[in-house]
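Engineer:
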Amino acid sequence: MSTVTLDAPAATGSTALTASSPNDDGLAAIHGVIAKLLTPKVLDVDLKAEYPEDFLRALGQAGGYRGAVAPEFGGNGLGMKHVVQVMETVAKECLSSAFLVWCQTACARYIQMSGNDWLKQQFLPRIVSGEQLAGTGLSNTVKSCDTIEDFRLAARRVDGGYVINGVLPWVSNLGPGHVFTTGCPVVGEDNKLVFVMVDCSQAGFKLVDCAHFIGIDGTRTLACHFKEAFVPDSMVLAHPSESEAYVKRIKPGMIHAQMGMGLGLIDACCKMMHQSNRTHAHVNQYLDDQVEDIESILTGARMAVYDIADELSDGPGSERTLEILKLRLAGGELCLRAANAAMLYQGAKGYLVRNPAQRRLREAYFVAIVTPATKHLRREIARIEGGHSCDGM
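For the sequence shown, the tail end lands on 413 under our numbering, and the numbers increase by one without skipping.
#1: Alpha helix (DSSP H) containing N18: first to last residue?
#2: Is the number of C-beta pairs between the segment 108-127 and the segment 187-194 that are closer than 8 Å three or more?
#3: Return the chain-ordered ranges of every alpha helix (DSSP H) run that is complete within the segment 65-108 and spans a minimum of 4 residues.
#4: Among C289, Q124 and Q132, which has the Cα closest to the Cα of E92?
#5: Measuring alpha carbon to alpha carbon, tell me which of N297, L342 and I50 ends up nearest V311.
#6: For L332 versus I401, is the C-beta distance shorter than 8 Å?
#7: CA-CA distance, A31 and V325?
#8: Under 8 Å by Cβ, that's how I've got T280 and E108 pegged, so tell me the actual separation to the nearest angstrom.
#9: Classify V218 as buried or exposed, calling it buried when 16 or more other Cβ atoms lie within 10 Å of its own Cβ.
#10: Can at least three beta-carbon pairs, one atom from the segment 374-384 and one from the segment 230-244, be found at a separation below 8 Å?
#11: Give the range of the alpha helix (DSSP H) segment to which N193 is assigned.
#12: How would you write the range of the alpha helix (DSSP H) that G157 sits in, first residue to last?
#13: State buried or exposed for T241, treating a residue as buried only when at least 16 other CB atoms are found within 10 Å of its CB.
#14: C244 lies in the alpha helix (DSSP H); which residues open and close that run?
#15: Going straight from the alpha carbon of G282 to that of V206, what length do you get?
#16: Since L307 and Y365 are thought to touch, with beta carbons under 8 Å apart, how far apart are those beta carbons, to the nearest angstrom?
#17: Determine the DSSP secondary structure at F200, reduced to helix, strand or coil.
#18: For D66, count neighbouring C-beta atoms within 10 Å of its own C-beta (all shown protein chains included) and say buried if the count is 16 or more, exposed if not.
#19: Can you give me the C-alpha to C-alpha distance between Y130 and I314, rounded to a whole angstrom?
#20: Within its chain, find whatever has a CB closer than 7 Å to the CB of D253; leave out the 5 residues flanking it on each side and keep chain order.
#21: With a cut-off of 8 Å, do at least 3 Cβ pairs link the segment 341-355 to the segment 81-91?
#22: Please report how far the alpha carbon of G337 lies from the alpha carbon of T394, in whole angstroms.
#23: Which of the three DSSP states is assigned to M133 in this structure?
#24: What number of angstroms, rounded off, separates the C-alpha of R176 from the C-alpha of Q152?
#25: Distance, Cα to Cα, S41 vs D229?
#26: Rounding to the nearest angstrom, what Cα-Cα distance links I404 and I328 in this structure?
#27: Could you spell out the range, first to last residue, of the alpha helix (DSSP H) harbouring R322?
#28: Taking 8 Å as the threshold (C-beta atoms), are V110 and G284 in contact?
#29: Between D64 and the rest of its own chain, which residues show a CB-CB distance below 6 Å, the 5 nearest in sequence each way excluded?
#30: What residue from N211, A48, Q278 and M255 has the CA that sits closest to L17's CA?
#31: Alpha carbon to alpha carbon, how far is P196 from K226?
#32: Going by the CB atoms, is the gap between V183 and E248 shorter than 8 Å?
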């Protein structure tokens, strides 16, 4: 089994990043939106499964999604690093909302990296402004391409587009008027895939409530039912002949951006540990994980994530897929370690409904389980190191 550890940075100085916050490039307005619309609603999002729609739209108006696309389509030119930093900043308050930021920006980036100029012109300005909310339904696609589960959808080619049938059990950031992306094999195309944009209001498609979760229940995660749903060529991100190259373009950034959730969660856990140490440092010192140790690792992780994010802004980054997988794995493992430590620091009061420690522990498991999950990452790392190609989905 292949694993990777995150080490503390050896270098210090003017370029070193503190563990308390990311660089503030373009983030001042983001902080204001979080303080006004998200912080007061965190418990409602977590305990009442309230979907933070007002926050998501306001975040778009404040520029929170603009790093995902090029300036000609409404982007801000700050690239993937800005996407990660916004997600990280949101995750310090609420991981559910940070995950929705990932859904929104991932969908935008899929469009940005497609060859469909009409989709870019029609959707990207509205997605990055928060006017159009968007999800990503590629979990089943990813796991099926990696032979972890079977494809839940199938498409067939017809005049002017594709007809899709099947059910995706869990897709997030959805609702009436929302759009999302997905990919599935095409009948008669040797299992090559088509990637499409789906309008949740279109004919042949419906959203169905699914089971409730103990965490991340405010993410508007629904089942997607396709019954002879026609998707026109104008809504196609990549046809079967284009899908292999398309996957190479989207996969590295799709996985790497999730580190924004992890960085913010770990930072929040460190904050709780510091707060506990104001009164209980004399007993917390006997726990295995000390806050200073986790903060040092967090600083190194943040530097590594930002460095790769800058590279992904300039190109697909498929040559760094193995490194990205290892970093994502280590990030998920550090989330579990930090949240576990924060819970132990809090002690019995960490069980209180309004105490963030138990919420952060549930959120940490989400980071470790969301596609690609810890076991998925370890399997793919082992396969690549064993000589298998890393170019697939």
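Idealized CB from N, CA, C, for every residue including glycine.
Structural biologist: Reading off the structure:
#1: Here the chain comprises residues numbered 21 to 413, so residue 18 is not present and cannot be evaluated.
#2: yes
#3: 73-81
#4: Along the sequence shown, one-based indexing puts residue 92 at 72. That would be Q132, whose Cα lies nearest to the Cα of E92.
#5: Position 291 of the sequence shown, counted from the start, is the residue given in the question as residue 311. Of the listed residues, the one whose Cα sits closest to V311 is N297.
#6: Here the question's residue 332 lines up with position 312 in the sequence shown. Here the question's residue 401 lines up with position 381 in the sequence shown. For L332 and I401, no; Cβs fall outside 8 Å.
#7: The count along the sequence shown starts at 1 and reaches residue 31 at position 11. The count along the sequence shown starts at 1 and reaches residue 325 at position 305. Residue placement at A31 is flagged as unreliable, the pLDDT there being 32, under the threshold of 50; the coordinate-derived value follows with that caveat. Taking the straight line from one Cα to the other gives about 16 Å.
#8: Working through the sequence shown from its first residue, we reach residue 280 at position 260. Working through the sequence shown from its first residue, we reach residue 108 at position 88. Residue identity differs from the one stated: residue 280 is Gly in this sequence, not Thr. Their Cβ separation, rounded to whole angstroms, is 5 Å, which keeps G280 and E108 in contact under 8 Å.
#9: Here residue 218 is taken as the residue at index 198 of the sequence shown, counted from 1. That one is buried.
#10: yes
#11: Position 173 of the sequence shown, counted from the start, is the residue given in the question as residue 193. No alpha helix (DSSP H) contains N193, which DSSP labels as neither H nor E.
#12: By one-based count along the sequence shown, residue 157 stands at place 137. Per DSSP, G157 belongs to no alpha helix (DSSP H); it is in the beta strand (DSSP E), A154 to G157.
#13: Sequence index remark: in the sequence shown, residue 241 carries index 221 (1-based). Classification of T241: buried, given that the 10 Å Cβ count is 16 or more.
#14: Here residue 244 refers to the residue found at position 224 when the sequence shown is read from its first residue. Per DSSP, C244 belongs to no alpha helix (DSSP H); it is in the beta strand (DSSP E), L242 to P252.
#15: As a first step, residue 282 must be located in the sequence shown, where it is residue number 262. As a first step, residue 206 must be located in the sequence shown, where it is residue number 186. The alpha-carbon atoms of G282 and V206 are separated by roughly 35 Å.
#16: Residue numbering aside, residue 307 sits at position 287 when the sequence shown is read from its first letter. Residue numbering aside, residue 365 sits at position 345 when the sequence shown is read from its first letter. Yes, L307 and Y365 are in contact; Cβ-Cβ is about 7 Å, under 8 Å.
#17: The count along the sequence shown starts at 1 and reaches residue 200 at position 180. In the structure shown, F200 sits in a strand (DSSP, three-state: E or B).
#18: Counting from one through the sequence shown, the residue named residue 66 turns up at place 46. D66 comes out buried.
#19: Within the sequence shown, the letter at position 110 stands for residue 130. Within the sequence shown, the letter at position 294 stands for residue 314. Approximately 33 Å between the Cα atoms of the pair.
#20: Along the sequence shown, one-based indexing puts residue 253 at 233. Closer than 7 Å at Cβ, skipping near neighbours: G180 and G181.
#21: no
#22: Position 317 of the sequence shown holds residue 337. Position 374 of the sequence shown holds residue 394. So the alpha carbons of these two residues sit roughly 21 Å apart.
#23: By 1-based counting over the sequence shown, the position of residue 133 is 113. Coil at M133, not helix or strand.
#24: Position 156 of the sequence shown, counted from the start, is the residue given in the question as residue 176. Position 132 of the sequence shown, counted from the start, is the residue given in the question as residue 152. Roughly 28 Å separates the two Cα atoms.
#25: Position 21 of the sequence shown, counted from the first residue, corresponds to residue 41. Position 209 of the sequence shown, counted from the first residue, corresponds to residue 229. Residue placement at S41 is poorly supported in this model, since its pLDDT is 49, which falls under 50; the coordinates still yield a value, given next. Each residue's Cα considered, the two are about 37 Å apart.
#26: As a first step, residue 404 must be located in the sequence shown, where it is residue number 384. As a first step, residue 328 must be located in the sequence shown, where it is residue number 308. Approximately 19 Å, taken between the alpha carbons.
#27: To locate residue 322, count along the sequence shown from 1; it is residue 302. Its alpha helix (DSSP H) spans residues V311 to D334.
#28: Position 264 of the sequence shown holds residue 284. Position 90 of the sequence shown holds residue 110. Yes, these two residues count as a Cβ contact at 8 Å.
#29: For this step, residue 64 is matched to residue 44 along the sequence shown. The residues are E70.
#30: Nothing in the structure corresponds to residue 17, since the chain is present only between 21 and 413.
#31: Counted from its first residue, the sequence shown places residue 196 at position 176. Counted from its first residue, the sequence shown places residue 226 at position 206. Those two C-alpha atoms are separated by around 9 Å.
#32: Taking the sequence shown and counting its residues from 1, the one referred to as residue 248 is at position 228. Taking the sequence shown and counting its residues from 1, the one referred to as residue 183 is at position 163. Cβ atoms of E248 and V183: closer than 8 Å.
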